[in-house]
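Those protein sequence lines, which keep their order, are chains X and P. Position one of the first sequence corresponds to residue 13 (this note's numbering), numbered consecutively onward. Position one of the second sequence corresponds to residue 13 (this note's numbering), numbered consecutively onward.
Protein chains: 2
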Amino acid sequence: MEVRYSERAGLFQASAIRNKLFDNPEIITFAAGKPEASLFPLGGIDKALAEVMGGEGKSALQYGPSEGLAGLRELIASQRMAACGVTTTADDIALTSGSQEAIELSGRIFVDEGSAIACENPSYTGAFGALAPYAPRYVPISMDEDGMIMEELEQALRTDPDIRMIYTIPDFQNPTGVSMSVERRRRLAELAAEYRVPVIEDCPYGDLIFEGERRPAVKSFDKEGWVVMLGSFSKTLCPGLRLGWICAGKEILEKYVLAKQGMNLQCGTLDMCLAERYLSLNSLEEHISALQDLYRERRDLMLDCVKRYFPAGVRCTHPHGGFFVWMELDPALDTGALLLKAASEYKVAYIPGRSFFPNEGSSSFIRLSYSCVDLATIEEGMKRLGAFVTEEYKKL
Amino acid sequence: MEVRYSERAGLFQASAIRNKLFDNPEIITFAAGKPEASLFPLGGIDKALAEVMGGEGKSALQYGPSEGLAGLRELIASQRMAACGVTTTADDIALTSGSQEAIELSGRIFVDEGSAIACENPSYTGAFGALAPYAPRYVPISMDEDGMIMEELEQALRTDPDIRMIYTIPDFQNPTGVSMSVERRRRLAELAAEYRVPVIEDCPYGDLIFEGERRPAVKSFDKEGWVVMLGSFSKTLCPGLRLGWICAGKEILEKYVLAKQGMNLQCGTLDMCLAERYLSLNSLEEHISALQDLYRERRDLMLDCVKRYFPAGVRCTHPHGGFFVWMELDPALDTGALLLKAASEYKVAYIPGRSFFPNEGSSSFIRLSYSCVDLATIEEGMKRLGAFVTEEYKKL
Numbered sequence: 013m014e015v016r017y018s019e020r021a022g023l024f025q026a027s028a029i030r031n032k033l034f035d036n037p038e039i040i041t042f043a044a045g046k047p048e049a050s051l052f053p054l055g056g057i058d059k060a061l062a063e064v065m066g067g068e069g070k071s072a073l074q075y076g077p078s079e080g081l082a083g084l085r086e087l088i089a090s091q092r093m094a095a096c097g098v099t100t101t102a103d104d105i106a107l108t109s110g111s112q113e114a115i116e117l118s119g120r121i122f123v124d125e126g127s128a129i130a131c132e133n134p135s136y137t138g139a140f141g142a143l144a145p146y147a148p149r150y151v152p153i154s155m156d157e158d159g160m161i162m163e164e165l166e167q168a169l170r171t172d173p174d175i176r177m178i179y180t181i182p183d184f185q186n187p188t189g190v191s192m193s194v195e196r197r198r199r200l201a202e203l204a205a206e207y208r209v210p211v212i213e214d215c216p217y218g219d220l221i222f223e224g225e226r227r228p229a230v231k232s233f234d235k236e237g238w239v240v241m242l243g244s245f246s247k248t249l250c251p252g253l254r255l256g257w258i259c260a261g262k263e264i265l266e267k268y269v270l271a272k273q274g275m276n277l278q279c280g281t282l283d284m285c286l287a288e289r290y291l292s293l294n295s296l297e298e299h300i301s302a303l304q305d306l307y308r309e310r311r312d313l314m315l316d317c318v319k320r321y322f323p324a325g326v327r328c329t330h331p332h333g334g335f336f337v338w339m340e341l342d343p344a345l346d347t348g349a350l351l352l353k354a355a356s357e358y359k360v361a362y363i364p365g366r367s368f369f370p371n372e373g374s375s376s377f378i379r380l381s382y383s384c385v386d387l388a389t390i391e392e393g394m395k396r397l398g399a400f401v402t403e404e405y406k407k408l
Numbered sequence: 013m014e015v016r017y018s019e020r021a022g023l024f025q026a027s028a029i030r031n032k033l034f035d036n037p038e039i040i041t042f043a044a045g046k047p048e049a050s051l052f053p054l055g056g057i058d059k060a061l062a063e064v065m066g067g068e069g070k071s072a073l074q075y076g077p078s079e080g081l082a083g084l085r086e087l088i089a090s091q092r093m094a095a096c097g098v099t100t101t102a103d104d105i106a107l108t109s110g111s112q113e114a115i116e117l118s119g120r121i122f123v124d125e126g127s128a129i130a131c132e133n134p135s136y137t138g139a140f141g142a143l144a145p146y147a148p149r150y151v152p153i154s155m156d157e158d159g160m161i162m163e164e165l166e167q168a169l170r171t172d173p174d175i176r177m178i179y180t181i182p183d184f185q186n187p188t189g190v191s192m193s194v195e196r197r198r199r200l201a202e203l204a205a206e207y208r209v210p211v212i213e214d215c216p217y218g219d220l221i222f223e224g225e226r227r228p229a230v231k232s233f234d235k236e237g238w239v240v241m242l243g244s245f246s247k248t249l250c251p252g253l254r255l256g257w258i259c260a261g262k263e264i265l266e267k268y269v270l271a272k273q274g275m276n277l278q279c280g281t282l283d284m285c286l287a288e289r290y291l292s293l294n295s296l297e298e299h300i301s302a303l304q305d306l307y308r309e310r311r312d313l314m315l316d317c318v319k320r321y322f323p324a325g326v327r328c329t330h331p332h333g334g335f336f337v338w339m340e341l342d343p344a345l346d347t348g349a350l351l352l353k354a355a356s357e358y359k360v361a362y363i364p365g366r367s368f369f370p371n372e373g374s375s376s377f378i379r380l381s382y383s384c385v386d387l388a389t390i391e392e393g394m395k396r397l398g399a400f401v402t403e404e405y406k407k408l
């Protein structure tokens with residue numbers, strides 16, 4: 013059978029994160045950016061479900077509006093957006109099937125084939141997957157410990173008139189764990205307005221802060237509406253409901269809603285009713301506080317293990333929140349080529365860093381996630397990985 | 013603010029079906045193709061939910077596989093696909109967020125800009141919305157009372173080498189209610205193989221048959237894998253779970269799953285767990301039988317009302333299943349222009365037929381749905397609509 017596919021179909025690649033290799037239960041994996049399932053608020057969700065099915069059951073199973081349920085949009089505006097310093101209303105919120113879908117829709121409405129997207133270098137590999145159908149050119153912007161470097165971004169905006177959007181993860185970035193400074197957030201909002209290029213501010217991890225004060229969203233500095241913020245319940249409530257949202261001004265938001273309607277009509281109605289009821293009955297802030305404690309402890313242990321089990325030359329980031337540590341090995345090591353050996357011989361897995369670079373990039377990085385691995389397993393897994401890396405360093 | 017959108021974004025239009033005009037409770041609307049909510053099997057769904065949350069609760073809230081849960085895919089293969097004469101296994105099934113999304117993914121993997129899609133004329137307007145990002149050219153194929161005319165399709169396939177897919181709704185088609193004959197189904201499968209063009213067989217209504225024997229799916233005549241069948245739980249269980257599926261051979265299905273993964277990772281895990289449990293605990297066939305009785309009665313009344321309340325020159329189809337009656341008024345009448353008057357003066361609404369024609373098309377058709385309107389309201393609404401149409405005929 014020789015099927016004729018679209019040219020676009022040739023651009024789709026399996027996610028480096030959703031690799032079936034990681035499903036082997038003998039392997040300790042730091043690959044998945046999954047939240048810890050034992051902390052899902054089952055009691056609160058059960059209660060919310062009972063209320064939904066007892067009350068509005070039939071409407072919870074029926075079609076619903078493409079922009080999402082009004083009550084849920086209100087709660088997102090008043091609770092989640094307020095938590096990151098953005099004052100807004102339900103009119104500026106639309107629901108998506110996770111923020112993954114919102115990234116896809118951003119490419120759909122802003123990007124033509126060959127036009128460009130500026131983003132941090134490295135950035136979320138799943139975003140490249142979501143944007144692949146639109147065949148963009150990437151303009152990677154360097155980062156330091158304060159996030160995307162604004163001088164480099166401005167230089168790119170000045171010289172490349174076909175940059176159609178700036179994709180950024182300012183809080184506890186995936187894959188580096190690095191956060192953007194407040195000063196740069198303000199500057200990014202200014203640059204977006206000055207160069208009339210929308211910023212897609214992807215913020216799935218912002219609530220999961222371990223120390224210090226939460227930084228206001230880039231969106232909070234947005235005066236004219238050039239910042240589109242993407243939020244998600246996947247890391248705070250649970251990912252199985254597939255609920256994310258877009259916060260944007262009326263004109264841009266309407267484009268997103270039309271695009272979402274054509275794609276799959278709407279988010280799951282029961283999922284939206286459940287989230288609405290849960291947020292009405294419970295304090296998500298309290299729940300988030302428990303998540304912060306758990307993930308902080310895991311991060312602490314992982315960083316401690318790096319000191320104890322890894323060669324002195326190995327460097328890694330020190331995230332103040334979120335799920336990820338970004339580790340740099342000796343430039344001579346190819347972490348992609350080494351993954352199979354790590355998994356088969358040392359029974360430990362990670363995501364090779366290469367897939368997080370939109371264009372060329374180093375092969376000596378790995379992304380480690382501590383989010384869904386308990387303390388004993390982090391200890392054991394890091395010991396294994398450290399032994400593996402130590403062995404590889406000896407061969408250098 | 014002058015935002016620079018993609019060229020593609022200019023192609024998106026609000027769905028003619030999801031028109032907010034129809035939300036006014038004073039208006040009796042035959043517009044929505046919604047299922048009747050009072051027949052959602054709340055008891056069975058409650059029980060299934062309780063089992064899911066009591067047992068696998070945490071995994072039901074976690075990320076899940078992009079192709080969908082294995083258990084649900086098995087039940088779809090053994091129950092739903094068997095019901096339309098297709099012998100298959102879970103390996104050939106992948107879940108999508110409603111069949112709307114599966115239509116979108118079909119365009120994504122088969123259609124390049126300007127390449128062509130053959131489809132019934134008229135066809136589902138929502139499919140045009142789903143496919144809009146891929147800017148296809150449409151090759152509309154005429155229908156008669158046995159569905160798409162195969163001679164005309166073959167002529168098109170022979171002369172237009174850039175037809176990339178054939179989109180069809182063989183059962184109780186949207187908007188006409190017409191079904192394809194068994195002979196033509198067999199022929200369509202042959203033509204697909206002969207011309208090496210995939211058929212996208214969209215089958216959301218096939219279970220809802222009112223009389224006679226269910227016709228085997230086009231997919232049941234597929235020997236080499238050129239037919240991709242799209243199924244849905246939206247019309248048999250409920251639409252709020254957003255669960256549809258694709259049945260296709262391994263190679264094509266893998267493309268769909270990769271495309272779905274990039275788009276939004278996966279369907280809702282809780283939704284999939286709930287459907288799996290529901291199908292395990294209950295007979296969906298029995299439930300479908302109750303739906304058939306309800307919708308048959310509504311169809312009967314609507315067709316009877318056409319005879320009683322409408323001018324003699326008005327013609328309409330006689331569907332043997334599904335949700336829709338397709339009515340043709342005098343060619344001088346523009347049903348799009350008349351909708352506002354019908355809604356504001358006669359308090360009755362329908363979908364103007366124009367949007368169901370992919371290219372040029374007549375403006376004298378209307379789509380009427382009896383699916384979510386009770387008998388008394390059908391009687392009253394058809395009386396109103398008949399009075400309106402009678403008035404308009406007098407002016408001719």
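Where a beta carbon is used, it is the ideal one built from N, C-alpha and C, also for glycine. The structure displayed is predicted, hence computed values, not measured ones.
DSSP on R379(X), reduced to helix/strand/coil? Numbered from its first residue, the first sequence carries residue 379(X) at position 367. Strand at R379(X).
Which residues mark the beginning and the end of the beta strand (DSSP E) in which R396(P) is found? For the purposes of this step, residue 396(P) is identified with residue 384 of the second sequence, where counting begins at 1. Per DSSP, R396(P) belongs to no beta strand (DSSP E); it is in the alpha helix (DSSP H), L387 to K407.
Drop a sphere of 10 angstroms on the beta-carbon of Q167(P), count the other beta-carbons inside from all chains shown, and report buried for 16 or more, exposed for fewer. As a working mapping, residue 167(P) is identified with position 155 in the second sequence. Residue burial annotation: Q167(P) is exposed, with fewer than 16 other C-beta atoms found within 10 angstroms of its C-beta.
Got a sec? Which residues, its chain only, sit under 6 Å from R98(X) by beta carbon, not counting five neighbours each side? Translated into the one-based positions of the first sequence, residue 98(X) becomes position 86. The displayed chain sequence assigns Val, not Arg, to residue 98(X). Closer than 6 Å at Cβ, skipping near neighbours: A229, K231 and S232.
Per-residue DSSP class, three states only, for P251(P): Sequence index remark: in the second sequence, residue 251(P) carries index 239 (1-based). DSSP places P251(P) in helix when its eight states are reduced to three.
Using a Cβ-Cβ cut-off of 8 Å, state whether V15(P) counts as contacting chain X. As a first step, residue 15(P) is located in the second sequence; it is residue number 3 there, counting from the start. Yes - at least one Cβ of chain X is within 8 Å of the one on V15(P).
Within 10 Å of its beta-carbon, does R196(X) have 16 or more other beta-carbons around it, so buried, or fewer, so exposed? Against the first sequence, residue 196(X) aligns to sequence position 184. R196(X) comes out buried.
Within a Cβ cutoff of 6 Å, which residues of the same chain sit near L143(X), ignoring the five residues on either side of it in sequence? Position 131 of the first sequence, counted from the start, is the residue given in the question as residue 143(X). So the list reads G119, once near-sequence residues are dropped.
Comparing C-alpha positions only, which one of Y146(X), M192(X), L107(X) and S71(X) sits nearest to L253(X)? The residue you call residue 253(X) lines up with position 241 of the first sequence. Considering only alpha carbons, the answer is L107(X).
Let me make sure I understand the geometry here. Which of A49(X), G69(X), I88(X) and L51(X) has the alpha-carbon closest to that of I57(P)? On the second sequence, residue 57(P) is found 45 positions in, with the first residue counted as 1. Proximity to I57(P) across A49(X), G69(X), I88(X) and L51(X) peaks at G69(X), based on C-alpha coordinates.
So, is S191(P) buried or exposed, given that buried needs 16 or more other C-beta atoms within 10 angstroms? Stepping through the second sequence from its first residue, residue 191(P) is reached at position 179. Buried, by the Cβ-count rule.
Measuring alpha carbon to alpha carbon, tell me which of D386(X), R92(X) and L165(X) ends up nearest E202(X). Taking the first sequence and counting its residues from 1, the one referred to as residue 202(X) is at position 190. The residue from D386(X), R92(X) and L165(X) with its alpha-carbon nearest to that of E202(X) is L165(X).
Does DSSP put V123(X) in a helix, a strand or coil? Position 111 of the first sequence, counted from the first residue, corresponds to residue 123(X). In the structure shown, V123(X) sits in coil (DSSP, three-state: anything other than H, G, I, E or B).
Flag F52(P) as yes if its beta-carbon sits less than 8 Å from any beta-carbon of chain X, otherwise no. Position 40 of the second sequence, counted from the first residue, corresponds to residue 52(P). For F52(P), the answer is yes, since a Cβ of chain X falls inside 8 Å of its Cβ.
For W257(P), write down the residues that DSSP places opposite it in a beta bridge. Taking the second sequence and counting its residues from 1, the one referred to as residue 257(P) is at position 245. W257(P) is bridged to L107(P) and G243(P).
Should T347(X) be labelled buried (16 or more other beta-carbon atoms within 10 Å of its own) or exposed? Start at 1 with the first residue of the first sequence, and residue 347(X) comes out as number 335. The Cβ neighbour count for T347(X), taken over all protein chains shown within 10 Å, is at least 16; the residue is labelled buried.
Considering only the alpha carbon of each residue, which of D172(X), M177(X) and L33(X) lies closest to V123(X)? Position 111 of the first sequence, counted from the start, is the residue given in the question as residue 123(X). Of the residues D172(X), M177(X) and L33(X), the one whose Cα lies closest to the Cα of V123(X) is M177(X).
T171(X) to M162(X), Cα distance in whole Å? The residue labelled residue 171(X) in the question sits at position 159 within the first sequence. The residue labelled residue 162(X) in the question sits at position 150 within the first sequence. One C-alpha to the other measures close to 14 Å.
Contacts that E63(P) makes with chain X (C-beta to C-beta distance below 8 Å): Position 51 of the second sequence, counted from the first residue, corresponds to residue 63(P). Those do not exist, as E63(P) stays about 12 Å from chain X at its closest Cβ, beyond 8 Å.
Compare the C-beta of E364(X) against all C-beta atoms of chain P and say whether one is closer than 8 Å. Along the first sequence, one-based indexing puts residue 364(X) at 352. Here residue 364(X) is Pro; the residue named in the question, Glu, does not match the sequence. No, P364(X) lies away from the interface with chain P (no Cβ there is under 8 Å from its Cβ).
Throw me the rounded Cβ distance for the P370(X) and F184(X) pair, which I believe falls under 8 Å. Taking the first sequence and counting its residues from 1, the one referred to as residue 370(X) is at position 358. Taking the first sequence and counting its residues from 1, the one referred to as residue 184(X) is at position 172. About 20 Å; that fails the 8 Å criterion.
Residue-chain proximity (P145(P), chain X), Cβ-Cβ < 8 Å: Position 133 of the second sequence, counted from the start, is the residue given in the question as residue 145(P). So, interface residue.
Are the C-beta atoms of V123(X) and some chain P residue less than 8 Å apart? By 1-based counting over the first sequence, the position of residue 123(X) is 111. True, the Cβ-Cβ gap to chain P drops below 8 Å.
Quick one: is D183(X) near chain P, going by C-beta distance under 8 Å? To locate residue 183(X), count along the first sequence from 1; it is residue 171. Residue-level contact by beta carbon fails for D183(X) and chain P, as no gap is shorter than 8 Å.
Assign N36(X) to one of two classes, buried (16 or more other C-beta atoms within 10 Å of its C-beta) or exposed (fewer than that). Against the first sequence, residue 36(X) aligns to sequence position 24. N36(X) comes out exposed.
DSSP three-state call for I300(P): helix, strand or coil? Here residue 300(P) refers to the residue found at position 288 of the second sequence. In the three-state DSSP reduction, I300(P) falls in the helix class (H, G or I).
Can we count A142(P) as close to the ligand GTP, meaning its CB is less than 7 Å from some heavy atom? Looking at this structure, you won't find the ligand GTP or any other ligand, since it has none at all.
Quick one: is G224(X) buried, meaning 16 or more other Cβ sit within 10 Å of its Cβ, or exposed? Numbered from its first residue, the first sequence carries residue 224(X) at position 212. When all chains shown are included, G224(X) counts as exposed.
Neighbourhood of R412(P) by C-beta, 6 Å cutoff - its chain only, sequence neighbours within 5 removed: There is simply no residue 412(P) to check, as chain P begins at 13 and stops at 408 in what is shown.
Using three-state DSSP, classify R16(P) as helix, strand or coil. Here residue 16(P) is taken as the residue at index 4 of the second sequence, counted from 1. Coil, per DSSP.
Cut-off 7 Å between Cβ atoms - residues of its own chain near A60(P), not counting five sequence neighbours on either side: Numbered from 1 along the second sequence, position 48 holds the residue referred to as residue 60(P). If we look at A60(P) and ignore the five residues flanking it on each side, its Cβ neighbours are L286, R289, Y290 and L293.
Please report how far the alpha carbon of E48(P) lies from the alpha carbon of K262(X), in whole angstroms. As a first step, residue 48(P) is located in the second sequence; it is residue number 36 there, counting from the start. As a first step, residue 262(X) is located in the first sequence; it is residue number 250 there, counting from the start. Take the alpha-carbon of E48(P) and the one of K262(X): they are about 33 Å apart.
Rounding to the nearest angstrom, what Cα-Cα distance links R396(P) and Y358(P) in this structure? What you label residue 396(P) is simply residue 384 of the second sequence in a count that begins at 1. What you label residue 358(P) is simply residue 346 of the second sequence in a count that begins at 1. Approximately 6 Å between the Cα atoms of the pair.
Beta-bridge pairing of F336(X) - partner residues as DSSP gives them: Counting from 1 along the first sequence, the entry for residue 336(X) is found at position 324. BP columns for F336(X) point to S381(X).
From the DSSP secondary-structure annotation, give me the bridge partner or partners of V211(X). For the purposes of this step, residue 211(X) is taken as residue 199 along the first sequence, with counting starting at 1. Beta-bridge analysis with DSSP links V211(X) to I178(X) and V239(X).
Which residues does DSSP pair with L318(P) in a beta bridge? Numbered from its first residue, the second sequence carries residue 318(P) at position 306. Before going further, note that residue 318(P) is Val rather than Leu in the sequence given. V318(P) is not bridged to any residue.
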